[in-house]
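Engineer: Below: one structure in C-alpha cells.
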Amino acid sequence: MSDRQPVLETKNLTKCFPADGGKTLTACDNISIQFFRGETVAIVGESGCGKSTFARTILKLHDPTSGEIYLNGKDITKLKGEASRLERQNIQMVFQDPARAFNPKMRIRDIICEPLLNFGRISAKEKDAVAKEYLKMVELPESFSDRYPHSMSGGQRQRVGIARALTLNPDVIVLDEATSALDVSVQKSILTLVVKLQKEKGIAIVFICHDFSLVAQFAHRAAVMYLGNIVELLPGENLVVGGAAHPYTKSLIESIFDLNMDFTQEIKTIPGEIPSPIDLPPGCPFADRCSVCQDICRKEKPKLKTVAPGHQCACHLVKEVSSMQNAS
Amino acid sequence: MMEKAIRFIKENKGFSILLALAVLILLIALLAPVLAWQDPTYSDMGSAFQAPGPGHLFGTDRLGRDVLSRVIYGTRISVPAALILVLAILVIGTVLGIVAGYFGGWVDTVIMRIADMMISFPGMVLAIAVAGIMGASIQNAIIALVVVSWTKYARLARSLVLKIRHEDYVYAAVTTGSKVIYILRQYMLPNVLPTLVITATTDIGAMMLELAGLSFLGFGAQPPIPEWGLMLNEGRQYITAYPWLILFPGLAIAIVVSIFNLLGDSLRDILDPRS
Amino acid sequence: MKKKSYLSLAIAALIAVVLSVTLLAGCGGGASKSNETLKFGCQNYSDSLDPSAMTNAAWACTRYGVGECLFKFKEDGSVVENLCDKYEVNDAKTEYKIHIRDGVKFSDGSDLTADIAVKSIKRMYTNEKDKKYTSTPSTILPEESIKKLEADGNGNIILNVDAATYLDVPAALANPFFVIINPDTTKDYAKNPIGTGPYAVESLTEGSSVSLIRNENYWNGNVPYAKLQISFMDDSSTKAMALKNGDANVVENITTATDLSEIKGDTSKYNVSEATSIRTGFAYMNQKGALKDADLRKAIIMAMDNDTLCNKTVGGMYSPGYGVLPDSLDFGTKDLQNLPKYDVEGAKKVLDDAGIKDKDGDGYREAKDGSKIELRYITYSSRNLQEFAEACTASMEKIGIKATVKATDADTEWNEMVAGNYDLCDSNWMTAQTGDPYGFLENWYGKSEANYCAYNNDQYNKVYEELKTEKDTAARKEKITQLQQYLVDDNAVLVHGYYKSNMCSQASVQNANINTFDYYWITNEIAPK
Numbered sequence: 360m361s362d363r364q365p366v367l368e369t370k371n372l373t374k375c376f377p378a379d380g381g382k383t384l385t386a387c388d389n390i391s392i393q394f395f396r397g398e399t400v401a402i403v404g405e406s407g408c409g410k411s412t413f414a415r416t417i418l419k420l421h422d423p424t425s426g427e428i429y430l431n432g433k434d435i436t437k438l439k440g441e442a443s444r445l446e447r448q449n450i451q452m453v454f455q456d457p458a459r460a461f462n463p464k465m466r467i468r469d470i471i472c473e474p475l476l477n478f479g480r481i482s483a484k485e486k487d488a489v490a491k492e493y494l495k496m497v498e499l500p501e502s503f504s505d506r507y508p509h510s511m512s513g514g515q516r517q518r519v520g521i522a523r524a525l526t527l528n529p530d531v532i533v534l535d536e537a538t539s540a541l542d543v544s545v546q547k548s549i550l551t552l553v554v555k556l557q558k559e560k561g562i563a564i565v566f567i568c569h570d571f572s573l574v575a576q577f578a579h580r581a582a583v584m585y586l587g588n589i590v591e592l593l594p595g596e597n598l599v600v601g602g603a604a605h606p607y608t609k610s611l612i613e614s615i616f617d618l619n620m621d622f623t624q625e626i627k628t629i630p631g632e633i634p635s636p637i638d639l640p641p642g643c644p645f646a647d648r649c650s651v652c653q654d655i656c657r658k659e660k661p662k663l664k665t666v667a668p669g670h671q672c673a674c675h676l677v678k679e680v681s682s683m684q685n686a687s
Numbered sequence: 065m066m067e068k069a070i071r072f073i074k075e076n077k078g079f080s081i082l083l084a085l086a087v088l089i090l091l092i093a094l095l096a097p098v099l100a101w102q103d104p105t106y107s108d109m110g111s112a113f114q115a116p117g118p119g120h121l122f123g124t125d126r127l128g129r130d131v132l133s134r135v136i137y138g139t140r141i142s143v144p145a146a147l148i149l150v151l152a153i154l155v156i157g158t159v160l161g162i163v164a165g166y167f168g169g170w171v172d173t174v175i176m177r178i179a180d181m182m183i184s185f186p187g188m189v190l191a192i193a194v195a196g197i198m199g200a201s202i203q204n205a206i207i208a209l210v211v212v213s214w215t216k217y218a219r220l221a222r223s224l225v226l227k228i229r230h231e232d233y234v235y236a237a238v239t240t241g242s243k244v245i246y247i248l249r250q251y252m253l254p255n256v257l258p259t260l261v262i263t264a265t266t267d268i269g270a271m272m273l274e275l276a277g278l279s280f281l282g283f284g285a286q287p288p289i290p291e292w293g294l295m296l297n298e299g300r301q302y303i304t305a306y307p308w309l310i311l312f313p314g315l316a317i318a319i320v321v322s323i324f325n326l327l328g329d330s331l332r333d334i335l336d337p338r339s
Numbered sequence: 010m011k012k013k014s015y016l017s018l019a020i021a022a023l024i025a026v027v028l029s030v031t032l033l034a035g036c037g038g039g040a041s042k043s044n045e046t047l048k049f050g051c052q053n054y055s056d057s058l059d060p061s062a063m064t065n066a067a068w069a070c071t072r073y074g075v076g077e078c079l080f081k082f083k084e085d086g087s088v089v090e091n092l093c094d095k096y097e098v099n100d101a102k103t104e105y106k107i108h109i110r111d112g113v114k115f116s117d118g119s120d121l122t123a124d125i126a127v128k129s130i131k132r133m134y135t136n137e138k139d140k141k142y143t144s145t146p147s148t149i150l151p152e153e154s155i156k157k158l159e160a161d162g163n164g165n166i167i168l169n170v171d172a173a174t175y176l177d178v179p180a181a182l183a184n185p186f187f188v189i190i191n192p193d194t195t196k197d198y199a200k201n202p203i204g205t206g207p208y209a210v211e212s213l214t215e216g217s218s219v220s221l222i223r224n225e226n227y228w229n230g231n232v233p234y235a236k237l238q239i240s241f242m243d244d245s246s247t248k249a250m251a252l253k254n255g256d257a258n259v260v261e262n263i264t265t266a267t268d269l270s271e272i273k274g275d276t277s278k279y280n281v282s283e284a285t286s287i288r289t290g291f292a293y294m295n296q297k298g299a300l301k302d303a304d305l306r307k308a309i310i311m312a313m314d315n316d317t318l319c320n321k322t323v324g325g326m327y328s329p330g331y332g333v334l335p336d337s338l339d340f341g342t343k344d345l346q347n348l349p350k351y352d353v354e355g356a357k358k359v360l361d362d363a364g365i366k367d368k369d370g371d372g373y374r375e376a377k378d379g380s381k382i383e384l385r386y387i388t389y390s391s392r393n394l395q396e397f398a399e400a401c402t403a404s405m406e407k408i409g410i411k412a413t414v415k416a417t418d419a420d421t422e423w424n425e426m427v428a429g430n431y432d433l434c435d436s437n438w439m440t441a442q443t444g445d446p447y448g449f450l451e452n453w454y455g456k457s458e459a460n461y462c463a464y465n466n467d468q469y470n471k472v473y474e475e476l477k478t479e480k481d482t483a484a485r486k487e488k489i490t491q492l493q494q495y496l497v498d499d500n501a502v503l504v505h506g507y508y509k510s511n512m513c514s515q516a517s518v519q520n521a522n523i524n525t526f527d528y529y530w531i532t533n534e535i536a537p538k
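See the structure below:
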C-alpha cells in the first residue's frame, strides 16, 4: 500500500444542476478519487456520464454542490477571488477542441505567454524567448510564434495547448478529451509527448477519454464513470476483455468495435438507453440495463470496494477482497 | 504610407467623400468665428425680419440677428453635442452590456430589467420629462437622451459578449489565471467594439435630430443660443411671412444629419461587408 | 299574408310620425335662431368654472357666456345695469338699493330673485376664507367694507358700504367675481355652474374643450347658435390655423403678428376686431438685488427702443409707452413729464458716470462695489412676453449689462415673482379691473404684501393712502397721475407697451367683437351672417 500523499484528491464531490420543472440533474455523484505525481489516471465513460463536468469542477470552472477538493493537501473547494486565482498555478487544463480553445485574435506567442503574464512571472520583453522555448518543448518550429491559431493544423494547435498548460509548471494537468478531435495518427504522437513531459516533470495527469485502447496504452489507472458515479477503478491495462469486474465496464469493453474482432460473433450491445441523470432513483445507477441485476441492486447503491490489487469495483455481485492482500 | 492612403481612397470612394464632408463640418465648427461675419447673438432690432439679400445672405431674424452667422455657429452647438451624446451612450452601453453578458446572474437581470424599463418609455417623452424636472438646457437634454438611449448599445454589447462567453478559450483564460478585468478588456471588448462603433457612427445623425427636436420643443438649448432646433422653434410662427427663418436651419439639420448617416452606413460597408 | 300587411302598415305609420315630427321641429324659430354650432378657439386659463376656485375661473364663467353680473362694462368703459334694471343710491354713495330685473330665468328654468343673488355673492365671500379656494373678491369689494347685504323681499338687494373708503360699487359688482350663479340648483360648480348667460354647459373635458348649448330661457334676446363648442388652444399659430381651416369660426387674441396681418389682409374671408386693451406689458424690477441701483435702472430703461420693439419685433401687437397705465384709460398717462428717451450712448454714459464699468474685461459691467451683475429675467409665453424678454436682454447686452432669460410657464413665473426670486419679471396685467387702477397700483405701495419688487417711496405711499378715501373723480385722476409720475421718475418699472386685444372670426360670423374689458368673449350678439 502506498503512503504517498495524493497531489489532487476529491472527497464526495457532487455537482448538480437545476433542471426544468424544479428537478435536479446530478452530473457528478459523490466522487472520491485520488491522483498522484507522475501518474496518469484516465476517466472513461460514455457521453453524458459526467466526466467533462468532473474535469471542469476540479478546475473550479463550476462551483461544487457538495464535497471537497484538495490540491497539495489544501482544501480549495470554497476559495474565491484572488485566493482561488492563485491556486490555478497548480492545476491546468488542455481543452478538447483545438479549434475553439484559442482566442482567434491572439498570436501563438501571446497565447503561450498569457499565463505567465497573468502571474507576473515574466515581463513583456521576455515573451519572444519564452514562447520559442516552449514551442521547442512541444516539438513545434519556433517560427510558429508569430502565427495565428487558424493557420495551424489541429494537432499543432493541441501541442500549443499543451505548451500553454505547461508554462505555469502545474502539479496537475487535465486533458479533457484532448485527443478526441484529432486524427488517429496524430493522437498517438501527442500522447507520447505528454508521457515524455510527465516523466521529466512528474506531473499528475487526469486523462478524460472515451477511447479504451488509448487508455489501455497510456493510463496507469482508469476510473469508469456511469451517470455521474465511479463504478470501477482499475489498472489501465485491464481495460481489455476479461480485465474488468463491473458488468457495465464488461459490456462496454465487449461492445467496442475493433478491426481485430471476430465478425462472426454476434455484436453485443448494452440494451436500453442511458437514462436521464435527472432525479436518479435509489440503487445502482446501472440497474435498469444490467443483465445480472438483482433486487438488492435496485434498493441499495453499491459502494466502491477492493476486488483485486489496485482494482476497485462498485457492484453488489462482485466479492470484496481484503485490502490486506494487496501489500506490495 | 501615402500610397496606401491613396489606394484606400480610390477603393472606398463613397466613404472617403463622406469622411471629407464630415471633417469639413467639423472645420466649420472650429473656424466659426472666422467664417461668420457677425456675432450670432448681436441683435439690431431695427433690421429685424429682413429677407435674404446683400449684407445678410440668409436674412435676419426677429431680433435682427444675421441668420447665416447663426447657422454657422450652430455647428458649434449641434455637432459637438451630438458627438458627446453618442460617445456617452457608447461608453455606458458598452460597459453595462459587457458586465451584464459576462457576469450573468442577478447582475445581468438587474441591468436588463432596467434596460427593459427604459425601452418601454417612448424616448422623446422620457427625455422631455427628465429635461422638465432638471430644467431646460443643452446639458440636461444630453443627460436626458443618454438615460433613454444607452439600452440599445447595452443589449448589443451583451449579445455579442454572450456569443463568446462560453467558448473554451474564454474558460482557458480563466484557468490560466487571467483576472476578470483582463478578460473583459482583452477578450470581450475587442469582440464588441467594432460593431458598436459602427452603430454609434450611424447614430450621430439620429442623435443630432433628437437634440434638435428637444430644443425645438423648448427642452434643450435656450435662447439666445444659436442651436438649429431652437431656431426652428423661433421661426415657426413666421413660416408664412418670413420662411427663411425656418428654411436655413432646417436645411442645415437635413444636410448634416444626412452626411453623418451616410458616413455610418459606408463605414459599416467597409468594416463588415457581409451584413 | 294578413300579418305582413299589418306590419307594413305599422311601419308606414311610424315613418309618417317620424317625418312629421322632424318637419315640425325644423319649422321652429325664425331666421335669428339657427341649428348651427359656434366653434370658438381660445386659451385655457382655468380648468374649473367655479368662480370661487380662482380669478381665471370666474373670468371663464363670464367669458364663455355662462354667467352674468348685476352690472356690466360697455365698450367705452362705462358701467350699466345688466341683471339689475335700476338702482338707487344716497349722496354719500354708501347705501344702495338694487332692483333685480323681473322675469330673468337661469338656464335650468329657475327664477332669478334678489335672495338668490345675495346668496351667490355671499358664497364668494365664504369661500374666500377657505384655503381650497383662491378667488379674492375682497380685492374688488372688500368684505370688511360691507355693512349690510340682504334681499328686502321686494326684489331689491340692499347693499350698504363703509363711508370712509372710496368704492365704485356698480363697477365692483360688474367684476366676474360677482357673477350670479344659482347656489340652490348648481350641483357641480366646477363643471356646470347654473347661470343666466346665453349658453349653458353640457359637458366639460378638462384641458381640452367645453360643450355648451343654447339657454332657451335667456332673458336678453335670441341666442343665435344652438351649440357652442369651445376648444382650448394655447398656441397663437394654432388659433390662426384653426380659423383658416374651419376648426374654429371665432378665435380670441391671435398674438403672432404675421398671422394677424395675414388674417387682417383677407377681408373677404375674415373679420378682425381690435381694441386697445387696458393691459400693460411690463417687467417688474426687483429692488432687492442688483436693480436697487437707480442709475442701473435708469440706463436699462434708456437702452430700450420701445418703438421698434412694439412695432417691429412683436409686429405691432403693442403700442409703446412709458407709464404703467395704458393711454386708453383716462388717468393721466398722456400728461406724464420727463419721460425717458431711447438713447444707447446716453445709457452708457449714465453707467460710466455712475462707476458701473467693466473692470475685469469680460465684456460686461460690474456694479459700483465691483460685484458681478447678472440679471435673472423671468418670462412666460403669453401675449409676446417672451419676445420682449429676449429683445430686452439683447438691448441690455448692447450697453454691457448681462441678463439671462428664463422662460417658464405662467404658474412658475407667478411663484418666482411672489418669492422675489428674480431681477426682472415679465407680466401682462389688467390694470383696472374695476375701471380704476387703485388695485393695480398697490403693486408698488411700500406697505403692501402684494408688493413683490421691494419698491418703497414714502411720497408714493402717502398719495396711495390718500387714494383709499378720495371720492372726488378729478382728485383721483390727479393723484393717480402723480403715482405714475413717481414710478417714471424713479425708473421703477420697465414698461414694454400697451397690449392690443383682438378677436378674429370667419366672414360667416358677425359681431365677434373684443371688449376693452375682456371679461366677455361670447355674447348673444355673435351670430351667423
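Chains as they are written, first to last, in the working numbering: chain D, 360 to 687; chain S, 65 to 339; chain V, 10 to 538.
By construction, the Cβ of each residue, glycine as well, lies at the ideal position given by its N, Cα and C atoms.
#1: Measure the C-alpha to C-alpha separation of Ala101(V) and Ala173(V) and round it to an integer number of angstroms.
#2: Along the beta strand (DSSP E) that carries Leu503(V), what are the first and last residues, could you check?
#3: By the DSSP assignment, the alpha helix (DSSP H) with Val212(S) in it spans what residues?
#4: At a cut of 8 Å, does the region 133-141 of chain S reach the region 88-107 of chain S through at least three beta carbon pairs?
#5: Residues of chain D with CB closer than 7 Å to the CB of Val163(S), please, in chain order.
#6: My output table needs one value for Val427(V): the three-state DSSP class, helix, strand or coil.
#7: Buried or exposed for Gly325(V), please, with buried defined as at least 16 other CB atoms from any protein chain shown within 10 angstroms of its CB.
#8: Helix, strand or coil for Arg506(D), going by three-state DSSP, please let me know.
#9: So what's Trp438(V) in DSSP terms, helix, strand or just coil?
#10: When Cβ atoms are compared, which residues of the region 116-150 of chain S fall closer than 9 Å to chain V?
#11: Indicate the three-state DSSP secondary structure (helix, strand or coil) for Glu261(V) in the structure shown.
#12: Under 9 Å Cβ-Cβ, which residues of chain D neighbour Met235(S)?
#13: Can you tell me which of the three DSSP states Ala40(V) falls into?
#14: Using three-state DSSP, classify Val98(V) as helix, strand or coil.
#15: Can you pull out the residues from the region 303-333 of chain V whose beta carbon lies closer than 9 Å to at least one beta carbon of chain S?
#16: So what's Cys93(V) in DSSP terms, helix, strand or just coil?
#17: Are the region 382-394 of chain V and the region 431-443 of chain V touching, with three or more C-beta to C-beta distances below 8 Å?
#18: Do three or more CB pairs link the region 222-230 of chain V to the region 238-245 of chain V at distances below 8 Å?
#19: Give, in chain order, every residue of the region 210-235 of chain S whose Cβ lies closer than 7 Å to some Cβ of chain D.
#20: Does the beta-carbon of Gly587(D) have 16 or more other beta-carbons within 10 angstroms, so that it is buried, or is it exposed?
#21: Mind listing the chain S neighbours of Gln448(D)? Cutoff is C-beta to C-beta under 8 Å, in chain order.
#22: Is Ala305(S) close to chain V, meaning its C-beta is less than 8 Å from at least one C-beta of that chain?
#23: Among Ala126(V), Thr194(V), Thr148(V), whose alpha-carbon lies nearest the alpha-carbon of Gly162(V)?
#24: What did DSSP end up calling Thr424(D) once you bin it into helix, strand or coil?
#25: Please report the residue range of the beta strand (DSSP E) in which Ile130(V) lies.
#26: Alpha carbon to alpha carbon, what distance is there between Gly157(S) and Asp456(D)?
#27: Sort out for me which residues DSSP pairs Cys387(D) with in a bridge.
Structural biologist: By the coordinates alone:
#1: 10 Å
#2: 502-515
#3: 202-229
#4: yes
#5: Simply none; closest approach about 17 Å.
#6: helix
#7: exposed
#8: coil
#9: strand
#10: Arg126, Leu127, Gly128, Arg129
#11: strand
#12: A small fix is needed here, since residue 235(S) is Tyr in this sequence, not Met. The answer, in chain order, is Arg415, Leu418, Leu420, Met452, Phe454, Ala460.
#13: Any answer about Ala40(V) is weak, because its pLDDT of 37 lies below 50 and its placement is not dependable; what the coordinates show is given next. Coil at Ala40(V), not helix or strand.
#14: strand
#15: Asp314, Thr317, Leu318, Lys321, Thr322, Val323, Gly324
#16: strand
#17: yes
#18: no
#19: Glu231, Asp232, Tyr233, Tyr235
#20: buried
#21: Gly241
#22: yes
#23: Ala126(V)
#24: coil
#25: Per DSSP, Ile130(V) belongs to no beta strand (DSSP E); it is in the alpha helix (DSSP H), 123-137.
#26: 33 Å
#27: Lys374(D)
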